[in-house]
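*Asks:*
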Amino acid sequence: MINDEYFLAALRLAAGSDPIPGHVSAAARDAFGLRVSQAVTAPPADCAAPRGVRGADGPGMIRFVAAGLTFDLEVTVGDGLIDVAGQVFPHPGEGSHVDVRTPHLTLTRRLARSGQFAVTGLPPGWLSVVCHRPGFAPVQTRWVRIRP
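For the sequence shown, position 18 (counting from the first letter as 1) is numbered 23 according to my numbering, and the numbering increases by one without interruption.
(1) Hey, would you say Gly126 sits closer than 7 Å to Gln92, going by beta carbons?
(2) Just list the beta strand (DSSP E) runs in the region 98-132, keeping only unbroken ones of 3 residues or longer that don't cross its boundaries, in chain order.
(3) Taking the alpha carbon of Pro143 as the reference point, which residue from Val41, Phe12 and Ala19 has its own alpha carbon closest?
(4) At what residues does the beta strand (DSSP E) containing Phe141 begin and finish?
(5) Provide the residue span of the alpha helix (DSSP H) that contains Val29, from first to last.
(6) Using the Cβ count rule (16 or more neighbours within 10 Å means buried), how would you classify Ile25?
(7) Less than 8 Å between C-beta atoms, sequence neighbours within five positions excluded: which residues of the same chain meet that for Ala123?
(8) Can you tell me whether Val135 is buried or exposed, with buried defined as 16 or more other CB within 10 angstroms of its CB?
(9) Does at least one heavy atom of the ligand ADP sit under 6 Å from the Cβ of Ile25?
(10) Spell out the partners DSSP gives Val45 in its beta bridges.
(11) Take Pro48 and list the residues in its own chain whose beta-carbon comes closer than 8 Å to its own, dropping the five residues that flank it on each side.
(12) Quick check on DSSP: helix, strand or coil for Asp77?
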């Protein structure tokens with residue numbers, strides 16, 4: 006059974022007669038500020054974990070693919086923090102780097118010759134990786150939520 010006050014409030018919102026709460030507008034502005042101009046967004050792709058490497062409680066593997074690049078992210082949660090060991094392949098070229106982003110923190114890492122990078126001690130929550138390569142538009146992963 007729906008509460009009458011809730012129902013009336015929903016009708017007012019649907020009719021556009023209630024202003025958007027300030028915290029909702031602020032959150033929308035913050036989210037818009039996280040965009041990477043002209044970036045290509047890589048959606049998740051299927052990724053089979055190698056046999057015998059990962060148990061149910063071990064690291065999780067997430068793969069993203071776009072614009073000729075594949076991102077493999079191995080995410081480990083421990084002590085309430087997130088560690089990410091990643092690889093971008095094929096190697097995007099000399100001078101390339103990645104930004105590992107949360108809504109409140111960005112850590113930049115140069116890519117090894119193998120395309121590998123790592124970050125540790127990230128807060129749980131939303132995570133995205135952006136690959137910057139000279140002469141090309143950035144490629145970013147979709148935001149994923151990592152929970153402890």
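From the three backbone atoms N, C-alpha and C, an ideal C-beta is built for every residue, glycine too.
*Replies:* This is what the structure gives:
(1) In this structure, Gly126 sits away from Gln92, with a CB-CB distance that is not shorter than 7 Å.
(2) Counting only runs of 3+ residues, the beta strand (DSSP E) found wholly inside the region 98-132 occupies 102-107, 110-115 and 121-127, in chain order.
(3) Ranking the options by Cα distance to Pro143, first place goes to Val41.
(4) Note, Phe141: premise wrong, no beta strand (DSSP E); not H, not E.
(5) Gly27 to Gly38
(6) exposed
(7) Asp88, Val89, Ala90, Gly91 and Arg114
(8) buried
(9) Absence of the ligand ADP is noted for the structure shown, with no ligands found whatsoever.
(10) The secondary-structure analysis by DSSP pairs Val45 across a beta bridge with Val144.
(11) Phe69, Val70, Ala71 and Arg147
(12) strand
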